[in-house]
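Peer 1: Have a look at this one.
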Amino acid sequence: MNHYQCVAADVLFGKNVKLSEFINLYGCEIGDETKIGAFVEVQKNARIGRCCKISSHSFICEGVTIEDNVFVGHGVTFINDSYPRATTTEGGLQTEKDWRVETTLVKRGASIGSGATILSKVVIGENAIVGAGSVVTRDVPPNVIAAGNPAKVLRAIPRQDNSSNRNGHIPFLDLVTPHQELEEELVSVFRSVLRSASFVGGSMVEEFEHDFARFCDSRFCIGVGSGTDALRFALIAAGIQPGDIVLTVPLTFIATTEAISQTGGRPDFVDIDPRSYTMDPQKLLHYAETQCVVDAGTGRLVHRVSRKPVTAVIPVHLYGRPVDMDPILEIATRFNLMVIEDACQAHGAEYFSRKEWRWKKVGSMGRAAAFSFYPGKNLGACGEAGAVTTNDEDVARKIRMLRDHGQLRKYYHEMEGYNGRLDALQAGILHAKLRRLSEWNEGRREAATRYRELFDSASAALKVPQDPDWVRSVYHLYVVRALDRDGLQKRLAEAGISTGIHYPIPLHLQKAYEGLGYKKGDFPASEEAASEILSLPLYPGISLAEQQRVTEAISEFAPVQTAQ
């Protein structure tokens with residue numbers, strides 16, 4: 000210490016702290032190996048962690064906590080009072096007893112550029128970067144670059160390989176990392192819900208609905224309680240009646256057919272194209288032409304045997320890959336069928352319409368579309384949630400009533416409905432994540448491309464997905480096929496690699512649908528796929544090293560071919 004430094008006796012120093020001249024420190028705590036620049040003031044009850052650099056002319060006030068490895072540029076100012084005043088209401092000068100300190104937290108590894116101003120009650124997330132001259136008025140999420148007045152998130156910082164943190168295990172899906180990165184932003188959503196006490200409906204739901212509709216190139220979005228609610232409500236609102244036959248595929252999650260049954264309809268099946276695992280348009284046409292007739296009086300398609308009307312088709316955009324929609328829409332128009340998209344695994348996927356010669360978003364092509372926000376989806380809530388998108392105003396109006404006990408106005412019920420609302424907390428969480436969805440989807444596409452390249456160069460291979468040029472998949476799942484699927488899955492598990500099977504038994508062979516009278520062999524493409532498919536680890540943060548381990552373990556097990 001020297002006479003050019005004003006350092007109070009109550010300052011707590013760690014080891015090897017470096018102090019410049021013309022500083023003013025009192026009642027604060029400074030960690031090991033930290034450097035304090037010239038003309039810096041650090042007030043009482045402020046804490047600076049280890050290995051930080053506080054550049055010259057910065058002001059760190061009472062209530063500020065700076066964690067380890069933080070960089071603070073020149074002339075950065077922290078504020079600890081939202082409404083600073085010189086005098087009290089009586090006209091006297093304020094003293095400490097007249098105001099309460101509002102805290103600020105700068106988390107580990109963050110950087111704050113020169114000339115920035117950090118308002119009180121703010122959290123700057125781990126490894127975030129605040130641009131020079133910015134005014135930070137709200138929380139900054141981890142691992143992003145934020146700048147401006149007020150500071151806004153500009154882009155994410157590319158994540159480093161975190162495979163070393165997994166103790167050699169490669170998870171099927173990593174839900175921990177994205178929530179750690181967004182932790183402060185998601186906690187901020189929770190705080191907002193608590194402070195507003197707007198738990199059901201309200202602005203958070205409306206803002207998410209507006210932005211998700213825009214994301215899907217759709218006029219309307221109606222948030223609901225789950226993806227199953229979304230399918231059920233879309234069918235009811237579109238006019239499905241008890242006894243109607245609704246067509247879909249056998250290779251899908253049971254929610255697709257549950258929704259049909261729960262509206263009073265009967266599910267019937269059209270087999271998949273084995274290359275895409277989605278509805279084969281030629282088989283749909285064959286069903287309409289051979290198993291049905293057009294009623295001369297009503298013009299409706301009627302099943303030849305049951306004489307029940309066939310009124311709708313649900314193409315499932317499975318694994319994040321869009322269905323070939325042009326021919327399905329043409330067949331639907333010819334036979335007067337409604338099209339309800341099951342988009343529960345395809346948030347952001349795109350389809351190039353050769354008929355309209357433009358790219359179209361999944362969720363914008365049918366009468367309505369259903370989305371699930373189950374936590375493991377590309378856009379996942381922290382619980383159950385779903386949504387319907389539609390361009391039909393009447394369908395949107397009916398779904399708003401169906402989700403809320405048949406009412407648009409409280410206690411005025413136009414129909415019986417359901418308790419199927421999207422709560423505000425989940426809507427706020429989804430809204431925060433929606434801003435990252437395009438980036439996450441691109442990360443999945445890049446990982447899928449790496450898998451293809453690794454399998455191409457491997458000495459052994461299996462059937463791997465190949466997208467035609469008219470789809471932009473979002474790879475909710477990366478599904479390969481192997482003749483000895485179960486043996487391969489066991490081998491990968493022994494190597495510390497988690498996998499999944501989506502789905503091991505096609506719906507027409509499930510016990511739940513024994514009453515429909517189907518038997519093995521009725522839908523051979525779905526049955527063969529179900530016996531061979533295996534979902535490999537894939538998520539936005541998967542590393543090249545992890546993917547190399549996966550492909551090497553597979554290459555050691557079985558010979559492989561590219562799916563044609």
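Numbering that gives the first Met the number 0 numbers the first residue of the sequence shown as 0 and each following residue consecutively.
We put the beta carbon where it would ideally sit given N, CA and C, even for glycine.
Could you say which of 230, 48 and 19 lies nearest to residue 68 if we only look at CA atoms?
Peer 2: Position 69 of the sequence shown, counting from 1, holds the residue named residue 68. The shortest C-alpha separation from residue 68 is found at 48.
Peer 1: Going by alpha carbons, who is nearest to residue 55 out of 64, 63, 76 and 43?
Peer 2: Here residue 55 refers to the residue found at position 56 when the sequence shown is read from its first residue. Here the closest residue by C-alpha is 76.
Peer 1: Among 284, 325, 154 and 383, whose alpha-carbon lies nearest the alpha-carbon of residue 363?
Peer 2: In the sequence shown, residue 363 corresponds to position 364, counting from 1. Out of 284, 325, 154 and 383, 325 has the C-alpha closest to the C-alpha of residue 363.
Peer 1: Specify the secondary structure class of residue 484 as computed by DSSP and reduced to three states.
Peer 2: Taking the sequence shown and counting its residues from 1, one reaches residue 484 at position 485. Residue 484 falls in the helix class under three-state DSSP.
Peer 1: With C-beta atoms as the reference, is residue 79 less than 8 Å away from residue 61?
Peer 2: Residue 79 sits at position 80 when you count from the first residue of the sequence shown. Residue 61 sits at position 62 when you count from the first residue of the sequence shown. Their beta carbons are under 8 Å apart, which means residue 79 touches residue 61 by this criterion.
Peer 1: Report the three-state DSSP secondary structure of residue 624 (helix, strand or coil).
Peer 2: The question about residue 624 has no answer here: the residues shown for the chain are numbered 0 through 563.
Peer 1: Less than 7 Å between C-beta atoms, sequence neighbours within five positions excluded: which residues of the same chain meet that for residue 153?
Peer 2: Taking the sequence shown and counting its residues from 1, one reaches residue 153 at position 154. Same-chain partners within the cutoff: 144, 145 and 146.
Peer 1: According to DSSP, which residues form a beta bridge with residue 21?
Peer 2: Here residue 21 refers to the residue found at position 22 of the sequence shown. In DSSP, residue 21 forms no bridge with anything.
Peer 1: To which residues of the same chain is residue 212 closer than 7 Å at the C-beta, ignoring the five residues directly before and after it?
Peer 2: For the purposes of this step, residue 212 is identified with residue 213 of the sequence shown, where counting begins at 1. Closer than 7 Å at the Cβ level, and outside the excluded window around residue 212, lie 218, 219, 220 and 388.
Peer 1: Pairing CB atoms from the region 436 to 451 with CB atoms from the region 481 to 495, are three or more of them under 8 Å?
Peer 2: Output reads no: the region 481 to 495 does not touch the region 436 to 451.
Peer 1: Which residues share a DSSP beta bridge with residue 360?
Peer 2: To locate residue 360, count along the sequence shown from 1; it is residue 361. Answer is 349, bridged to residue 360.
Peer 1: Closest to residue 518 by CA distance: which of 249, 485, 228 and 284 is it?
Peer 2: The residue labelled residue 518 in the question sits at position 519 within the sequence shown. With distances taken between Cα atoms, residue 518 lies closest to 249.
Peer 1: Assuming residue 123 and residue 106 form a contact by the criterion Cβ under 8 Å, report the distance between their Cβ atoms to the nearest whole angstrom.
Peer 2: Taking the first residue of the sequence shown as 1, we reach residue 123 at position 124. Taking the first residue of the sequence shown as 1, we reach residue 106 at position 107. Going by Cβ atoms, the distance from residue 123 to residue 106 rounds to 6 Å, so yes, they are a contact pair.
Peer 1: In chain order, what residues of the same chain have a beta carbon less than 8 Å from the beta carbon of residue 121, not counting five sequence neighbours either side?
Peer 2: The sequence position of residue 121 within the sequence shown is 122, counting from 1. 103, 104, 135, 136, 137, 138 and 139, listed in sequence order.
Peer 1: Would residue 531 be called buried (16 or more neighbouring beta carbons within 10 Å of its own) or exposed?
Peer 2: The residue labelled residue 531 in the question sits at position 532 within the sequence shown. Looking at its Cβ environment, which holds 16 or more other Cβ atoms inside 10 Å, residue 531 is buried.
Peer 1: Which of the three DSSP states is assigned to residue 163 in this structure?
Peer 2: The residue labelled residue 163 in the question sits at position 164 within the sequence shown. Its pLDDT being 48, under 50, residue 163 is placed unreliably by the model, and nothing is read from it.
Peer 1: According to DSSP, simplified to helix, strand and coil, what is residue 170?
Peer 2: Taking the sequence shown and counting its residues from 1, one reaches residue 170 at position 171. In the structure shown, residue 170 sits in coil (DSSP, three-state: anything other than H, G, I, E or B).
Peer 1: Which residue marks the beginning of the beta strand (DSSP E) containing residue 414, and which one marks its end?
Peer 2: The residue you call residue 414 lines up with position 415 of the sequence shown. No beta strand (DSSP E) contains residue 414, which DSSP labels as neither H nor E.
Peer 1: Does the beta-carbon of residue 294 have 16 or more other beta-carbons within 10 angstroms, so that it is buried, or is it exposed?
Peer 2: On the sequence shown, position 295 is the one that residue 294 refers to. Residue 294 comes out exposed.
Peer 1: Less than 7 Å between C-beta atoms, sequence neighbours within five positions excluded: which residues of the same chain meet that for residue 552?
Peer 2: For the purposes of this step, residue 552 is taken as residue 553 along the sequence shown, with counting starting at 1. Excluding sequence neighbours, residue 552 sits near 490, 491, 494 and 496.
Peer 1: In this structure, what does DSSP give as the bridge partners for residue 4?
Peer 2: As a working mapping, residue 4 is identified with position 5 in the sequence shown. DSSP output for residue 4 lists 22 as bridge partner(s).
Peer 1: Beta carbon of residue 581, beta carbon of residue 423: below 8 Å?
Peer 2: Residue 581 is absent from the model: the chain starts at 0 and stops at 563.
Peer 1: Would DSSP call residue 318 helix, strand or coil?
Peer 2: Mapped onto the sequence shown, residue 318 falls at position 319. Note: residue 318 maps to helix in three-state DSSP.
Peer 1: Leaving out five residues on either side along the sequence, give the residues of the same chain with a beta carbon under 7 Å from the beta carbon of residue 303.
Peer 2: As a first step, residue 303 is located in the sequence shown; it is residue number 304 there, counting from the start. Excluding sequence neighbours, residue 303 sits near 290, 291 and 292.
Peer 1: Taking only three categories from DSSP, how would you classify residue 406?
Peer 2: Looking up residue 406 in the sequence shown gives position 407. Three-state DSSP puts residue 406 in a strand.
Peer 1: Which of helix, strand or coil does DSSP assign to residue 308?
Peer 2: Here residue 308 refers to the residue found at position 309 of the sequence shown. Three-state DSSP puts residue 308 in a strand.
Peer 1: What's the gap between the Cα of residue 547 and the Cα of residue 177?
Peer 2: The residue labelled residue 547 in the question sits at position 548 within the sequence shown. The residue labelled residue 177 in the question sits at position 178 within the sequence shown. Each residue's Cα considered, the two are about 22 Å apart.
Peer 1: Take residue 579 and list the residues in its own chain whose beta-carbon comes closer than 6 Å to its own, dropping the five residues that flank it on each side.
Peer 2: Nothing can be reported for residue 579: it is not among the residues displayed for the chain, which extend from 0 to 563.
Peer 1: Output yes or no for whether 8 Å exceeds the beta carbon distance between residue 247 and residue 313.
Peer 2: Within the sequence shown, the letter at position 248 stands for residue 247. Within the sequence shown, the letter at position 314 stands for residue 313. Closer than 8 Å, so yes.
Peer 1: Which stretch, first to last residue, makes up the beta strand (DSSP E) that contains residue 282?
Peer 2: Position 283 of the sequence shown, counted from the start, is the residue given in the question as residue 282. Here residue 282 belongs to no beta strand (DSSP E); instead the alpha helix (DSSP H) covers 280 to 289.
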